[in-house]
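Under our numbering, the sequence shown has 619 at position 71, and the numbering climbs by one with no breaks. Cβ atoms here follow ideal geometry from the backbone N, Cα and C, with glycine treated the same way. Owing to the predicted nature of the structure, the values given are computational and were not obtained by experimental measurement. This report concerns only the one structure given below.
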Amino acid sequence: MRKLYHDILEFGNAAVFGEHSAVCEGAAFMLHRLVEGNRGYQTAEQNPSMMTQNRRDYMAELGQTPCAVVFCCADSRVPAEHIFHAGLGDLFVIRNAGNVVGTYDLGSIEYAVEHLNVQLVLVMGHTSCGAVASAMMNEVWSGALAKVLKEVGLAIGDETDPREAEKKNLLHSMKQLGKSEILSELYHQGKVEFAAAIYDIKTGKVHLLGADEES
Numbered sequence: 549m550r551k552l553y554h555d556i557l558e559f560g561n562a563a564v565f566g567e568h569s570a571v572c573e574g575a576a577f578m579l580h581r582l583v584e585g586n587r588g589y590q591t592a593e594q595n596p597s598m599m600t601q602n603r604r605d606y607m608a609e610l611g612q613t614p615c616a617v618v619f620c621c622a623d624s625r626v627p628a629e630h631i632f633h634a635g636l637g638d639l640f641v642i643r644n645a646g647n648v649v650g651t652y653d654l655g656s657i658e659y660a661v662e663h664l665n666v667q668l669v670l671v672m673g674h675t676s677c678g679a680v681a682s683a684m685m686n687e688v689w690s691g692a693l694a695k696v697l698k699e700v701g702l703a704i705g706d707e708t709d710p711r712e713a714e715k716k717n718l719l720h721s722m723k724q725l726g727k728s729e730i731l732s733e734l735y736h737q738g739k740v741e742f743a744a745a746i747y748d749i750k751t752g753k754v755h756l757l758g759a760d761e762e763s
């Protein structure tokens, strides 16, 4: 898994990441779980995962032990738990418009990895992203949203293909993870792995970048 995504992290220019530590074996298993859950989501009409009072009681008493961080867009068509057939407490989900990694998002990811011992961070963009489309058209917005679109614009540059623009925005978000000394250290210790994916809002399929044969 580390070898598979190393090129993506380099393409994202996350220079702090390397190939000098032990592979995080648990992350590969968790990624497989997400892939299998997504396969089920594409054909099922309901999420079969546990969402019961017993589950709520259990987590209220013993706390959370999510299996993965999913950082994705706040678009209402991208319901992370359903996309992966995950239940209560399975995923540590962080969302905002355009899946742009900022200070608060980075802090949330650091918390999940360092304190909750989450071994996999999946950064996920999606097709027909409104933030990417607005940035491509150089639309002018006011307030805080203008800062979001500026960051997306920096990520995509002069790209005119929407799919390529979404990919570039995703990889730019991956690059921002490289600014975290905490994530870098834990990566080198073999305690966390990273993956990137694009979610197709029409088909429901999650495409792992660099690993289509696995998805």
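- Task: Please name the residue, chosen from Ala745, Val700 and Gln667, that lies closest to Gly574 on a Cα-to-Cα basis.
- Result: That would be Gln667, whose Cα lies nearest to the Cα of Gly574.
- Which ranges would you report for the beta strand (DSSP E) in the stretch 673-737 if only whole runs of at least 3 residues count? none
- Specify the secondary structure class of Leu639 as computed by DSSP and reduced to three states. Leu639: strand per DSSP, three-state reduction.
- Given a threshold of 16 other Cβ atoms within 10 Å of its Cβ, counted over all protein chains shown, does Met578 qualify as buried or as exposed? buried
- Query: Got a sec? Which residues, its chain only, sit under 6 Å from Asp684 by beta carbon, not counting five neighbours each side?
  - Reply: Residue identity differs from the one stated: residue 684 is Met in this sequence, not Asp. Result list for Met684: Ala713, in chain order.
- Which of the three DSSP states, helix, strand or coil, is assigned to Ala575? helix
- Query: How far does the alpha helix (DSSP H) with Ala616 in it reach, from first residue to last?
  - Reply: Counting along the chain, Ala616 falls outside any alpha helix (DSSP H), though it belongs to the beta strand (DSSP E) covering Ala616 to Cys621.
- Message: Is the separation between the beta-carbon of Tyr589 and that of Gly752 shorter than 8 Å?
- Response: Result yes, Cβ atoms of Tyr589 and Gly752 sit closer than 8 Å.
- Counting along the chain, where does the beta strand (DSSP E) carrying His505 start and finish? The structure shown does not extend to residue 505, since the chain is modelled only from 549 through 763, so no value can be given for it.
- Do the stretch 715-734 and the stretch 642-656 meet, that is, are 3 or more Cβ pairs less than 8 Å apart? yes
- The beta strand (DSSP E) enclosing Ile746, as first and last residue numbers: For Ile746, the enclosing beta strand (DSSP E) starts and ends at Glu741 to Tyr747.
- Query: If you count every other CB in all the chains shown that lies within 10 Å of the CB of Lys739, and 16 or more means buried, which is it?
  - Reply: buried
- Item | Paired residues, beta bridge with His755 - DSSP | Under DSSP, His755 forms a beta bridge with Ile746.
- Quick one: Cα of Lys715 to Cα of Asp605, how far? 40 Å
- Query: For Ile704, which residues of its own chain have a beta-carbon under 7 Å away from its beta-carbon, when the five flanking residues on both sides are left out?
  - Reply: Val680, Ala683, Met684, Ala713, Lys716 and Asn717
- What's the gap between the Cα of Val619 and the Cα of Gly691? The residue asked about is misnamed: residue 619 is Phe in this sequence, not Val. C-alpha separation (whole angstroms): 23 Å.
- I think Ala622 touches Asn644, with their Cβ atoms under 8 Å apart; what is that distance to the nearest whole Å? 5 Å
- 6 Å Cβ shell around Val754 - same chain, five flanking residues per side excluded: In the same chain as Val754, and ignoring 5 residues on each side of it, the C-beta atoms closer than 6 Å to its own belong to Asn586, Ala745 and Tyr747, in chain order.
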